[in-house]
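Colleague: Per this note's numbering, the very first residue in the sequence shown carries number 9; after that it's consecutive. Don't be surprised by glycine CBs; every beta carbon is placed ideally from N, CA and C. In this text the structure is predicted, and so the values were computed from the model without any measurement.
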Amino acid sequence: MQDPDDLTARDAAPPDPPRRDFLSLLISTGFALAVQPVAASTLNTDTTGLEADTVAIPVGAALLPAYRAQPAGAKRPLPVVLVVQEIFGVHEHIQDLCRRLAKAGYLAIAPELYFRQGDPRRYDSVSELLAQLVAKVPDAQVMTDLDATAAWAVAHGGDARRLAVTGFCWGGRIVWLYAAHNPRLAAGVAWYGRLSGELTPNAPRQPVEVAAALKVPVLGLYGGRDKGIPLESVERMRALLKQAGGRSDIVVYPDADHGFNADYRPSYHPAAARDGWARMLDWFARHGVKP
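1) Am I right that P307 and W184 are in contact with their C-beta atoms under 8 Å? What's the rounded C-beta distance?
2) What first and last residue would you give for the alpha helix (DSSP H) that runs through T152?
3) Suppose the cutoff is 8 Å on Cβ atoms and the five residues either side in sequence are ignored; what does the same chain contact list for Q140 look like?
4) Using C-beta distances below 7 Å, list every residue in its chain close to A264, excluding the 5 sequence neighbours before and after it, in chain order.
5) Label L207 either buried or exposed according to how many other C-beta atoms from any shown protein chain fall within 10 Å of its C-beta, with 16 as the threshold for buried.
6) How about A195 and W291: do their beta carbons lie closer than 8 Å?
7) Should A211 be counted as a contact of the ligand NAP given a C-beta to heavy atom distance under 7 Å?
8) Could you tell me which whole alpha helix (DSSP H) segments of length 4 or greater appear in the stretch 202-255?
9) Taking only runs of the beta strand (DSSP E) that begin and end inside the stretch 55-105, which ones reach a length of at least 3 residues, in chain order?
10) State whether the stretch 74-94 contacts the stretch 162-170, with contact taken as three or more CB pairs (one from each stretch) at a distance under 8 Å.
11) Quick one: what's got a C-beta closer than 8 Å to G236's C-beta in the same chain, skipping five residues either side?
12) Counting along the chain, where does the alpha helix (DSSP H) carrying L2 start and finish?
13) Would you grab the beta carbon distance between L58 and E120 for me? Rounded to a whole angstrom, and I think it's under 8 Å.
14) Spatial neighbours of L138 within its chain, please: C-beta separation below 7 Å, excluding the five flanking residues on both sides.
15) Straight-line CA distance for K250 to G205?
16) Inspect the beta-carbon positions of R76 and I117 and report whether they are closer than 8 Å.
17) Taking all protein chains shown into account, decide if N190 is buried (16 or more other Cβ within 10 angstroms of its Cβ) or exposed.
18) To which residues of the same chain is D61 closer than 7 Å at the C-beta, ignoring the five residues directly before and after it?
19) Taking a contact to mean a Cβ-Cβ separation below 8 Å, would you say M245 touches A219 in this structure?
20) Sorted by chain position, which residues of the same chain lie with C-beta nearer than 6 Å to A252's C-beta, five sequence neighbours on each side aside?
21) Go ahead and pull the three-state DSSP assignment for P278.
22) With 16 other CB atoms within 10 Å as the buried threshold, where does T174 fall?
23) Could you name the residues of the same chain whose beta carbon sits closer than 7 Å to that of P128, not counting the 5 residues immediately before and after it, in chain order?
24) Can you round the beta-carbon distance between V226 and S256 to whole angstroms, since I take them to be within the 8 Å contact cut?
25) Using only the alpha-carbon positions, how far apart do D24 and D147 sit?
26) Looking only at its own chain, which residues have a Cβ that is under 6 Å from the Cβ of R294, when we skip the five neighbours before and after it?
27) Please classify A48: is it buried, with 16 or more other beta-carbons within 10 angstroms of its beta-carbon, or exposed?
28) Taking all protein chains shown into account, decide if E100 is buried (16 or more other Cβ within 10 angstroms of its Cβ) or exposed.
29) What are the boundary residues of the beta strand (DSSP E) that includes A168?
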């Protein structure tokens, strides 16, 4: 395996772009239109003791906007967690999750992975969002953008040897794919990400196709009542992971639905969300990604 320190020397991103370009890339606060109104259970993590802002990451000729949160004044380098968005983009819930990770001692960064195709916050229908935007985002583009985000994080105070990824819904699927793509990761945690489905030019492989190719251990967190991710596909993935050596694992919460960690939605399941969050932090720590 390549030395993780090479990430800093060879792949470190250039300096941040000028402020005038930065302002045009700001990730707005608030929730996506497609999830309005938000539930009363919505959590709000403050920025006390944190540095939390929007950054711009050069990716070729483009500038990738991302939300970054980390402990203020902490000794560097910091462990890094790449946070992969839901279908709704880096809206308020994903930003809040970054702040929660920062409170736990991580440099958490969530890149806006649809930025070339459009703004997911402006769609007021999930079906339109999926058909008109999400389906147009190539997996290969996402892998490259996550690579650039990891390089930026390492160049800005992150530790190349303590690099993890987590993702939710659409981002949960991406976690499995990225764990098969990037050997520099130490661990991944996938929250209710689709495991199988139609193969397309933009999505030529699904997680079940990469189970044997995972380069790092992944913990999958799934809901037993998730109608969009049948338990049959979860059990199939579990069997494939076992055949591949058993470094990865899957936990199913029988009474939880899809999106059980999404506190701003009716699907929120507080007990499963709390347990999943604790398991995620423990998984990172067990694989060397801890403050």
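Modeller: This is what the structure gives:
1) What the structure shows of the chain is the stretch from 9 to 299, and residue 307 is not part of that stretch, so it cannot be assessed.
2) Here residue 152 refers to the residue found at position 144 of the sequence shown. Per DSSP, the continuous alpha helix (DSSP H) segment holding T152 begins and ends at D147 to A163.
3) Your numbering for residue 140 matches position 132 in the sequence shown. Only G126 and Y131 meet the Cβ criterion.
4) By one-based count along the sequence shown, residue 264 stands at place 256. These residues qualify, in order along the chain: G231, G232, R233, H277 and A280.
5) Stepping through the sequence shown from its first residue, residue 207 is reached at position 199. So L207 counts as exposed.
6) As a first step, residue 195 must be located in the sequence shown, where it is residue number 187. As a first step, residue 291 must be located in the sequence shown, where it is residue number 283. Their beta carbons are under 8 Å apart, which means A195 touches W291 by this criterion.
7) Among the ligands in the structure shown, none appear at all, so the ligand NAP cannot be discussed.
8) Within the stretch 202-255, the alpha helix (DSSP H) runs of at least 4 residues that lie entirely inside it are, in chain order, 215-218 and 239-251.
9) With a minimum length of 3 residues, the continuous beta strand (DSSP E) runs that stay inside the stretch 55-105 are 58-67, 70-79 and 86-92.
10) Under the Cβ criterion (8 Å, minimum of three pairs), the stretch 74-94 counts as touching the stretch 162-170.
11) On the sequence shown, position 228 is the one that residue 236 refers to. Cβ neighbours of G236 beyond the five flanking positions: R202 and H266.
12) It is not possible to answer for residue 2, since the shown part of the chain is limited to 9 through 299.
13) Reading the sequence shown from its first residue, position 50 is the one you call residue 58. Reading the sequence shown from its first residue, position 112 is the one you call residue 120. In fact, because the Cβ distance is near 20 Å, the residues do not count as touching under 8 Å.
14) If you number the sequence shown from 1, residue 138 lands on position 130. Within the same chain, L138 has close Cβ partners I95.
15) Here residue 250 is taken as the residue at index 242 of the sequence shown, counted from 1. Here residue 205 is taken as the residue at index 197 of the sequence shown, counted from 1. If I take the Cα positions, the gap works out to 21 Å.
16) One-based indexing of the sequence shown puts residue 76 at position 68. One-based indexing of the sequence shown puts residue 117 at position 109. For R76 and I117, yes; Cβs fall inside 8 Å.
17) Along the sequence shown, one-based indexing puts residue 190 at 182. Buried, because 16 or more other Cβ atoms sit within 10 Å of the Cβ of N190.
18) Sequence index remark: in the sequence shown, residue 61 carries index 53 (1-based). Around D61, the same chain offers R76 as residues with beta carbons nearer than 7 Å, after the five sequence neighbours per side are excluded.
19) As a position in the sequence shown, residue 245 is number 237, starting the count at 1. As a position in the sequence shown, residue 219 is number 211, starting the count at 1. The answer is yes: Cβ separation under 8 Å.
20) Reading the sequence shown from its first residue, position 244 is the one you call residue 252. Cβ within range, chain order: A219 and A220.
21) Counting from 1 along the sequence shown, the entry for residue 278 is found at position 270. The answer is helix: DSSP assigns P278 an H, G or I state.
22) Along the sequence shown, read from residue 1 onward, the residue named residue 174 stands at position 166. So T174 counts as buried.
23) The residue labelled residue 128 in the question sits at position 120 within the sequence shown. Leaving aside the five residues that flank P128 on each side, the residues in its chain whose CB is nearer than 7 Å to its CB run, in chain order, A40, I95, F96, G97, Y122, L137 and L141.
24) The residue labelled residue 226 in the question sits at position 218 within the sequence shown. The residue labelled residue 256 in the question sits at position 248 within the sequence shown. Contact flag correct, Cβ pair sits at about 4 Å.
25) Here residue 24 corresponds to residue number 16 of the sequence shown, with the count starting at 1. Here residue 147 corresponds to residue number 139 of the sequence shown, with the count starting at 1. Model confidence at D24 stands at a pLDDT of 45, short of 50, so the residue's coordinates are unreliable and nothing is read from them.
26) Along the sequence shown, read from residue 1 onward, the residue named residue 294 stands at position 286. By the criterion of a C-beta distance shorter than 6 Å, R294 is surrounded by no residue of its chain, once the five residues flanking it on both sides are discounted.
27) Counting from 1 along the sequence shown, the entry for residue 48 is found at position 40. Exposed is the label assigned to A48, since fewer than 16 other Cβ atoms lie within 10 Å of its Cβ.
28) Residue mapping note: residue 100 aligns to position 92 of the sequence shown, counting from 1. With 16 or more other Cβ atoms within 10 Å, it is buried.
29) To locate residue 168, count along the sequence shown from 1; it is residue 160. Element bounds for A168: G166 to F176.
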